[in-house]
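Worksheet: one structure, shown below.
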Amino acid sequence: MTSGESVPSTCIGAIQETADSTSLDGASQNQNDNGAVVAKKEPVDDDQALLDTALELTDTAQEYWRDNDMDQAIESLDQAYALILKVPSNPKLAQQKEDLRFMISKKIMELYASRQTTVKGNYQAIPMVLNDHVQREIQSFQTLERDFFLESYARSGRYRGAMVKALKQAGFPEELSWLPLIESGFKPRALSRSRALGLWQFIPSTGYKFGLKRNAWIDERLDPDKSTAAAITYFKELHQMFGDWATVLAAYNCGEGAVARVIREQKVNYLDNFWDFYEQLPRETARYFPRFLAVLTIINDPAKYGFTLDELDEPLSYETVTIERPVLLSTIANKLGVEVEDITALNPELRRDATPKAEYALRVPPGKGEEVLVSLDNMPKWSPPKAEFVVHRVRRGETLSLIALRYRTSTQRILEANNLRSGRVLRVGQRLKIPTRNTLTTS
Numbered sequence: 000m001t002s003g004e005s006v007p008s009t010c011i012g013a014i015q016e017t018a019d020s021t022s023l024d025g026a027s028q029n030q031n032d033n034g035a036v037v038a039k040k041e042p043v044d045d046d047q048a049l050l051d052t053a054l055e056l057t058d059t060a061q062e063y064w065r066d067n068d069m070d071q072a073i074e075s076l077d078q079a080y081a082l083i084l085k086v087p088s089n090p091k092l093a094q095q096k097e098d099l100r101f102m103i104s105k106k107i108m109e110l111y112a113s114r115q116t117t118v119k120g121n122y123q124a125i126p127m128v129l130n131d132h133v134q135r136e137i138q139s140f141q142t143l144e145r146d147f148f149l150e151s152y153a154r155s156g157r158y159r160g161a162m163v164k165a166l167k168q169a170g171f172p173e174e175l176s177w178l179p180l181i182e183s184g185f186k187p188r189a190l191s192r193s194r195a196l197g198l199w200q201f202i203p204s205t206g207y208k209f210g211l212k213r214n215a216w217i218d219e220r221l222d223p224d225k226s227t228a229a230a231i232t233y234f235k236e237l238h239q240m241f242g243d244w245a246t247v248l249a250a251y252n253c254g255e256g257a258v259a260r261v262i263r264e265q266k267v268n269y270l271d272n273f274w275d276f277y278e279q280l281p282r283e284t285a286r287y288f289p290r291f292l293a294v295l296t297i298i299n300d301p302a303k304y305g306f307t308l309d310e311l312d313e314p315l316s317y318e319t320v321t322i323e324r325p326v327l328l329s330t331i332a333n334k335l336g337v338e339v340e341d342i343t344a345l346n347p348e349l350r351r352d353a354t355p356k357a358e359y360a361l362r363v364p365p366g367k368g369e370e371v372l373v374s375l376d377n378m379p380k381w382s383p384p385k386a387e388f389v390v391h392r393v394r395r396g397e398t399l400s401l402i403a404l405r406y407r408t409s410t411q412r413i414l415e416a417n418n419l420r421s422g423r424v425l426r427v428g429q430r431l432k433i434p435t436r437n438t439l440t441t442s
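Quick note on numbering: numbering that gives the first Met the number 0 labels position 285 of the sequence shown as 284, and the sequence is numbered without any gaps.
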């Protein structure tokens, strides 16, 4: 839910409908002196009334928000939450209570995020903290991960300039440009165990959500500029949801749903500080923000922590030429008399190390564009090897994971080879194309 958005009518309807049915079904009937049947109120009716009032206060807060009266909006939400706390445990109302609790908590976080953005005109600075958690990560970079840190720092010179420029244009703190150091070591083709790719480590679904295209020829998660733009869009969405960079970065690492669930399960104040629920996050995510703070701490004062940071790789420079047919990058490199690594480094999104069938803006070293165009007609057209598949008929009790294990492939490759969104829809007797290990799919 974004700032200024009203409560979904379906949520309100569901809650009010439940309230109406509960007030009728939860009441017992007696006769008065005149013989008329009257409903005898039970405790559940009083509890339902508290929830109904909390919902009304939530709607009132929304109206205050639209009028830019943030203080009154927060006051109304505080009152709503206080009413929810008065409702005792009751199986009939448990789901309503939990849904309202989550709705109010989320709105409060959105309000605070909106107020911070409006007042300060930007998304505020990264809150620097030097606690035991951060100290442990600093020590790791000083010892076990020292080579990783220095090598990643050197590679950052290729990409950080463009990242800082994009972050500043978005009004974000430029310190976020150091996040790829812990995400990918500033390696554009870095691949994680969870199939996250690129400098900013997008998984396929999140990359698609933020406009990063994938097909058999290209994967825009690998493109430094395109993935940076997608990361900034994602940061903006998360900041509107959570309002502070510590929680935003935790959500960036493991997903906003996972972090929201941890916050939702808190038994204390619903505006928990990140460090309050730090230890309840998955281990990798719990380390993520302290690890990022450790990087910033070292960068800000390298000598204090035993580092000399004076060697950066040169920023990538290039010009573009348009190519409309498949040509191997190695062929282009040979014609230009340059190393093929120089061309692939400029075009990391090309999955086959070849230009695609469609029109493509290829990056080449400065001064080499005209040379490519002149010699393009003499470069052989490249045809990718035909995909190889085996066909598997689904048997009773088989899952996609078991099938992938049997053929030594991944569930993702099977899904994409068969244009499936989920492995949960398998049917007995269904025929699946199973890509062999030499087949390139769009994963």
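The beta-carbon is built from N, C-alpha and C at its ideal position, and this holds for glycine as well.
From W274, K105, Y277 and G305, residue whose alpha carbon lies closest to that of D146 = For this step, residue 146 is matched to residue 147 along the sequence shown. With distances taken between Cα atoms, D146 lies closest to G305.
Residue range of the beta strand (DSSP E) that includes I322 | As a working note, residue 322 is residue 323 in the sequence shown. Counting along the chain, I322 sits inside the beta strand (DSSP E) bounded by residues E318 to I322.
Assumed close pair A332, I231 - CB separation to whole angstroms, cut-off 8 Å = Taking the sequence shown and counting its residues from 1, the one referred to as residue 332 is at position 333. Taking the sequence shown and counting its residues from 1, the one referred to as residue 231 is at position 232. The beta carbons of A332 and I231 sit about 32 Å from each other, so the pair does not count as a contact at 8 Å.
Residue range of the unbroken beta strand (DSSP E) whose run includes I433 = As a first step, residue 433 is located in the sequence shown; it is residue number 434 there, counting from the start. Counting along the chain, the unbroken beta strand (DSSP E) around I433 starts and ends at R430 to P434.
If you draw a straight line from the C-alpha of W216 to the C-alpha of V326, how long is it?
-> Taking the first residue of the sequence shown as 1, we reach residue 216 at position 217. Taking the first residue of the sequence shown as 1, we reach residue 326 at position 327. In a straight line, the C-alpha of W216 is about 12 Å away from that of V326.
In whole angstroms, what is the alpha-carbon distance linking E348 and Y277?
-> Here residue 348 is taken as the residue at index 349 of the sequence shown, counted from 1. Here residue 277 is taken as the residue at index 278 of the sequence shown, counted from 1. Rounded to whole angstroms, E348 to Y277 spans 35 Å at the Cα level.
Got a sec? Which residues, its chain only, sit under 6 Å from Y359 by beta carbon, not counting five neighbours each side?
-> As a first step, residue 359 is located in the sequence shown; it is residue number 360 there, counting from the start. Within the same chain, Y359 has close Cβ partners I322.
Grab me the residues of A250's own chain with a C-beta within less than 7 Å of its C-beta, minus the 5 sequence neighbours each way, in chain order.
-> Position 251 of the sequence shown, counted from the start, is the residue given in the question as residue 250. Contacts found: L237, F241 and V258.
Identify the continuous alpha helix (DSSP H) that holds L248 and give its terminal residues.
-> Stepping through the sequence shown from its first residue, residue 248 is reached at position 249. Run containing L248: W244 to C253, per the alpha helix (DSSP H) assignment.
Looking at the unbroken alpha helix (DSSP H) that takes in A161, where does it start and where does it end?
-> Position 162 of the sequence shown, counted from the first residue, corresponds to residue 161. Secondary structure note for A161: its alpha helix (DSSP H) is the uninterrupted segment R159 to A169.
Terminal residues of the continuous beta strand (DSSP E) containing P389?
-> Against the sequence shown, residue 389 aligns to sequence position 390. Reading off the sequence shown, one finds Val at residue 389, where the question assumed Pro. F388 to R392 is the extent of the beta strand (DSSP E) around V389.
Excluding five sequence neighbours on each side, which residues of the same chain lie with their C-beta closer than 6 Å to the C-beta of T227?
-> Taking the first residue of the sequence shown as position 1, residue 227 is located at position 228. Excluding sequence neighbours, T227 sits near M162 and A165.
How many Å lie between G428 and L399 at the Cα?
-> The count along the sequence shown starts at 1 and reaches residue 428 at position 429. The count along the sequence shown starts at 1 and reaches residue 399 at position 400. Computed Cα separation, rounded: 13 Å.
A124 - containing alpha helix (DSSP H), residue span = In the sequence shown, residue 124 corresponds to position 125, counting from 1. That residue, A124, is in no alpha helix (DSSP H); it is neither H nor E in DSSP.
C-alpha gap between E174 and I181, whole angstroms = Sequence index remark: in the sequence shown, residue 174 carries index 175 (1-based). Sequence index remark: in the sequence shown, residue 181 carries index 182 (1-based). Approximately 13 Å between the Cα atoms of the pair.
Delimiting residues of the alpha helix (DSSP H) encompassing L180 = Within the sequence shown, residue 180 is the residue found at index 181, counting from 1. Its alpha helix (DSSP H) spans residues L178 to E182.
Between the CA atoms of A403 and F273 - distance to the nearest angstrom = Taking the sequence shown and counting its residues from 1, one reaches residue 273 at position 274. Taking the sequence shown and counting its residues from 1, one reaches residue 403 at position 404. Distance from the CA atom of F273 to the CA atom of A403, rounded to whole angstroms, is 39 Å.
Taking only the alpha-carbon atoms, compute the straight-line gap between F185 and V424 and give it to the nearest angstrom.
-> Counted from its first residue, the sequence shown places residue 185 at position 186. Counted from its first residue, the sequence shown places residue 424 at position 425. Going by C-alpha positions, F185 is about 38 Å away from V424.
Quick one: give me the first and last residue of the beta strand (DSSP E) that Y359 is part of.
-> One-based indexing of the sequence shown puts residue 359 at position 360. In the DSSP assignment, Y359 falls within the unbroken beta strand (DSSP E) covering Y359 to V363.
F201 by DSSP, collapsed to three states: which one?
-> Locating residue 201 in the sequence shown gives position 202, counting from the first residue. In this structure, F201 counts as strand in the three-state DSSP scheme.
Close Cβ partners of E255 (< 7 Å) along its chain, the five nearest in sequence each way excluded = Counting from one through the sequence shown, the residue named residue 255 turns up at place 256. Same-chain partners within the cutoff: L237 and M240.
Would W199 pass as a contact of V294 if the rule is Cβ separation under 9 Å?
-> For this step, residue 199 is matched to residue 200 along the sequence shown. For this step, residue 294 is matched to residue 295 along the sequence shown. Their beta carbons are not under 9 Å apart, which means W199 does not touch V294 by this criterion.
Straight-line CA distance for E74 to D58?
-> Along the sequence shown, one-based indexing puts residue 74 at 75. Along the sequence shown, one-based indexing puts residue 58 at 59. C-alpha separation (whole angstroms): 12 Å.
Assign P179 to buried or exposed, taking buried as 16 or more other Cβ atoms, counted over all protein chains shown, within 10 Å of its Cβ.
-> Reading the sequence shown from its first residue, position 180 is the one you call residue 179. Buried.
Could you check what DSSP says for L372 in three-state terms: helix, strand or coil?
-> In the sequence shown, the residue the question calls residue 372 occupies position 373. Correct three-state label for L372: helix.
Which first and last residues belong to the alpha helix (DSSP H) in which A228 is found?
-> Taking the first residue of the sequence shown as position 1, residue 228 is located at position 229. Note, A228: alpha helix (DSSP H), P223 to F241.
If R430 sits next to V390, beta carbons under 8 Å apart, how far is it from one beta carbon to the other, in whole angstroms?
-> Working through the sequence shown from its first residue, we reach residue 430 at position 431. Working through the sequence shown from its first residue, we reach residue 390 at position 391. The beta carbons of R430 and V390 sit about 6 Å from each other, so the pair counts as a contact at 8 Å.
When you compare only the Cα positions, how much space is there between V287 and E144?
-> Translated into positions along the sequence shown, residue 287 becomes position 288. Translated into positions along the sequence shown, residue 144 becomes position 145. According to the sequence displayed, residue 287 carries Tyr and not Val. Between Y287 and E144, the C-alpha separation is close to 15 Å.
Less than 8 Å between the CB atoms is what I'm expecting for T307 and P314, so what's the real figure, rounded?
-> Indexing the sequence shown from 1 puts residue 307 at position 308. Indexing the sequence shown from 1 puts residue 314 at position 315. Rounded to the nearest angstrom, the Cβ distance from T307 to P314 is 21 Å, too far for a contact under 8 Å.
For A195, which residues of its own chain have a beta-carbon under 7 Å away from its beta-carbon, when the five flanking residues on both sides are left out?
-> Counting from one through the sequence shown, the residue named residue 195 turns up at place 196. Non-local beta-carbon contacts of A195 in its own chain, meaning distances under 7 Å to residues more than five positions away in sequence, involve F201 and I202 in chain order.
Beta-carbon separation (whole angstroms), L311 vs G156, contact threshold 8 Å = Locating residue 311 in the sequence shown gives position 312, counting from the first residue. Locating residue 156 in the sequence shown gives position 157, counting from the first residue. Going by Cβ atoms, the distance from L311 to G156 rounds to 3 Å, so yes, they are a contact pair.
Residue of T330, V86, Y152 and L99 minimising C-alpha distance to L375 | One-based indexing of the sequence shown puts residue 375 at position 376. Among T330, V86, Y152 and L99, the Cα nearest to that of L375 is on T330.
What are the partner residues of L327, as DSSP defines its beta bridges?
-> Here the question's residue 327 lines up with position 328 in the sequence shown. L327 pairs with A353.
How many angstroms separate the CA atom of A245 from the CA atom of D352?
-> For the purposes of this step, residue 245 is taken as the residue at position 246 of the sequence shown. For the purposes of this step, residue 352 is taken as the residue at position 353 of the sequence shown. The alpha-carbon separation between A245 and D352 amounts to approximately 38 Å.
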